[in-house]
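Numbering (the numbering used here), first residue to last: 37 to 597.
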């Protein structure tokens with residue numbers, strides 16, 4: 037087994053927490069894996085070594101909490117330094133510290149006590165506390181905002197319910213009553229707008245829980261924006277073979293509770309669509325038999341994928357859990373009946389997985405777990421709003437780190453690739469759900485940016501960033517990686533040389549955590565990743581910086597250097 041396999045909690049009395057699968061048969065395929073062309077999946081490409089001073093410190097939960105407390109005590113001074121108005125306040129959301137002492141503090145903003153949507157920012161300070169850089173979601177000034185609403189909250193709620201019904205949602209009701217906010221996203225002339233934000237619950241048309249956010253102008257009653265807060269995707273199932281799981285023992289019973297990873301727990305919903313479900317437990321610490329008919333199998337797959345993702349973020353990027361606070365999320369399997377999807381919810385801090393068509397293909401593989409957990413990481417960091425171009429970047433971030441986790445895991449039964457859903461055969465014709473080397477091969481995703489990208493469903497506009505990431509990792513043209521053939525084109529018909537997935541992922545992670553914000557679009561993502569490459573790899577003359585610029589130009593975002 038891989039050295040990256042999760043470490044067991046204990047090994048007394050020769051007990052092993054295992055998921056019995058098709059390890060022997062599938063592992064044999066590893067010997068036939070081919071790497072040809074200029075593939076760089078191992079990240080061993082030539083180029084500049086990473087500037088270790090720009091890498092994040094691996095903070096313990098208590099160290100992170102102390103940094104947040106320090107930032108909390110100085111929010112007023114920081115607001116004054118940034119020239120914010122007397123009615124503006126800063127609220128600390130997250131803190132990341134680099135090895136060279138630079139601290140990146142992510143703030144939300146309020147105005148006269150009202151949340152400012154689109155007012156978030158990241159402030160970088162040096163060891164002495166001097167501001168080095170400020171990345172704002174909006175540069176608009178918050179002055180003279182009239183906080184008296186002409187539109188009644190009930191009218192805003194009615195509009196939100198109507199928007200949900202138009203999306204064919206069922207059991208719709210306002211799960212959060214309309215709240216006053218200041219809207220600072222894509223407003224006319226960049227001026228702030230007083231608005232209501234309403235959250236509608238119930239179920240989406242496919243049975244996924246609904247958390248539809250609708251923003252209504254409090255002066256005119258016009259709908260300003262809507263987005264879905266339940267982030268969903270799809271992937272492989274039951275292809276991880278026999279693995280070691282982190283579990284807990286209480287008396288004569290064992291549970292799927294990973295005490296080494298924030299007490300991440302895995303629950304059985306048993307075809308239900310609400311509640312937490314029942315924590316998987318048993319007397320023998322052996323979980324599942326590799327078949328979907330055994331309810332423990334999906335639980336074991338989800339638990340394993342969550343552990344790999346936790347280990348990846350902690351070992352590679354120094355992030356201790358989804359929020360960086362050492363607290364594990366939870367997984368829920370066997371959601372609904374014939375439900376062919378998986379999703380992340382901030383409300384329950386959990387990933388949820390359906391069992392697929394005929395309840396025969398649980399969506400619980402490595403890349404699905406990584407995709408869904410990454411939605412949680414994105415929510416705690418860049419938090420790109422799940423609509424238009426920011427939504428495409430949000431969704432692509434989950435695909436990007438799903439690939440990174442899969443490569444990092446080195447599981448011989450599910451080798452790393454740049455395909456999404458290649459095992460589940462959701463279309464019934466043997467093709468993957470999405471392709472990162474040429475996204476348009478799925479018939480709907482975008483290969484390159486255009487001015488209409490913001491009007492495309494986020495699962496398909498994500499193709500632009502997925503294509504960029506593939507090109508940055510592997511380069512253009514034909515090649516074979518781990519037995520999978522790729523042929524990636526470029527918008528300008530010029531070649532791109534890859535720098536390896538490890539470097540590409542480090543650049544994307546730094547941009548996500550220190551540059552991206554709620555309003556980041558593709559142009560801003562280019563700026564952010566270029567800045568990240570410059571910081572990590574020694575400036576704008578490095579091969580990595582030039583590769584980022586070339587890869588973006590190759591998907592029609594900006595020009596070649």
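We put the beta carbon where it would ideally sit given N, CA and C, even for glycine.
Count the other CB atoms, across all protein chains shown, that sit within 10 Å of the CB of residue i; report buried if there are 16 or more and exposed otherwise.
| i | result |
| --- | --- |
| residue 542 | buried |
| residue 551 | buried |
| residue 108 | exposed |
| residue 466 | exposed |
| residue 75 | In this prediction, residue 75 scores a pLDDT of 36, lower than 50, which makes its location untrustworthy; no coordinate-derived value is stated. |
| residue 133 | buried |
| residue 431 | buried |
| residue 320 | exposed |
| residue 333 | buried |
| residue 581 | buried |
| residue 242 | exposed |
| residue 213 | exposed |
Select from the options the residue whose C-alpha is nearest the C-alpha of residue i.
| i | options | result |
| --- | --- | --- |
| residue 528 | 356, 537, 512, 339 | 512 |
| residue 178 | 145, 165, 192 | 145 |
| residue 155 | 258, 227, 330 | 227 |
| residue 174 | 308, 229, 328 | 229 |
| residue 135 | 539, 353, 510 | 353 |
| residue 331 | 396, 125, 377, 555 | 396 |
| residue 522 | 507, 546, 473 | 473 |
| residue 471 | 499, 449, 491, 452 | 499 |
| residue 514 | 533, 113, 219 | 533 |
| residue 414 | 147, 449, 130 | 130 |
| residue 283 | 277, 266, 303 | 303 |
| residue 323 | 506, 594, 289 | 289 |
| residue 490 | 435, 445, 168, 558 | 558 |
| residue 596 | 556, 539, 526 | 526 |
| residue 113 | 584, 167, 440 | 167 |
| residue 350 | 165, 94, 88 | 94 |
| residue 92 | 317, 547, 556 | 547 |
| residue 358 | 381, 449, 204 | 381 |
| residue 345 | 404, 384, 239, 390 | 404 |
| residue 360 | 86, 102, 208 | 102 |
| residue 160 | 176, 306, 299, 117 | 117 |
| residue 100 | 259, 518, 356 | 356 |
Quick one: what's residue i bridged to in DSSP?
| i | result |
| --- | --- |
| residue 145 | 126 |
| residue 133 | 139 |
| residue 290 | 285, 318 |
| residue 303 | 315, 368 |
| residue 521 | 516 |
| residue 233 | 215, 251 |
| residue 160 | 140, 169 |
| residue 597 | Answer is none; residue 597 lacks a bridge partner. |
| residue 386 | 366, 381 |
| residue 587 | Note: residue 587 sits in no beta bridge, so no partner. |
| residue 263 | 249 |
| residue 511 | 533 |
| residue 470 | 456 |
| residue 151 | 146 |
| residue 1 | The first residue shown for the chain is 37 and the last is 597, placing residue 1 beyond what the model contains. |
| residue 333 | Its beta-bridge partners do not exist; DSSP assigns none. |
| residue 202 | Per DSSP, none; premise fails for residue 202. |
Check the C-beta distance from residue i over to residue j and give it rounded, since I have them as a contact under 8 Å.
| i | j | result |
| --- | --- | --- |
| residue 486 | residue 592 | 7 Å |
| residue 369 | residue 328 | Going by Cβ atoms, the distance from residue 369 to residue 328 rounds to 11 Å, so no, they are not a contact pair. |
| residue 416 | residue 341 | Rounded, the Cβ-Cβ distance is 19 Å, inconsistent with contact. |
| residue 436 | residue 544 | 6 Å |
| residue 372 | residue 309 | 5 Å |
| residue 418 | residue 556 | 6 Å |
Among the residues of its own chain, which have a CB less than 8 Å from the CB of residue i, if the five just before and after it don't count?
| i | result |
| --- | --- |
| residue 301 | 291, 292, 293, 294, 315, 364, 366, 367 |
| residue 578 | 83, 84, 569, 570 |
| residue 210 | 193, 196, 197, 234, 235, 236, 237 |
| residue 187 | 232, 252, 253, 254, 255, 256, 257 |
| residue 483 | 474, 475, 476, 499, 500, 503, 525, 527, 591 |
| residue 317 | 289, 290, 291, 292 |
Can you list, in chain order, the residues of its chain with a C-beta nearer than 6 Å to that of residue i? Leave out the 5 residues immediately preceding and following it.
| i | result |
| --- | --- |
| residue 151 | 217 |
| residue 531 | 512 |
| residue 312 | 303 |
| residue 423 | 263 |
| residue 142 | 129, 130, 158 |
| residue 199 | 250, 262 |
| residue 215 | 233 |
Kindly list the residues whose CB is nearer than 7 Å to the CB of residue i, restricted to its own chain and excluding five residues on each side of it in sequence; keep chain order.
| i | result |
| --- | --- |
| residue 89 | 134, 135, 136 |
| residue 540 | 505, 508, 509 |
| residue 496 | 480, 481, 482 |
| residue 244 | 266, 268, 377, 379 |
| residue 162 | 137, 138, 168 |
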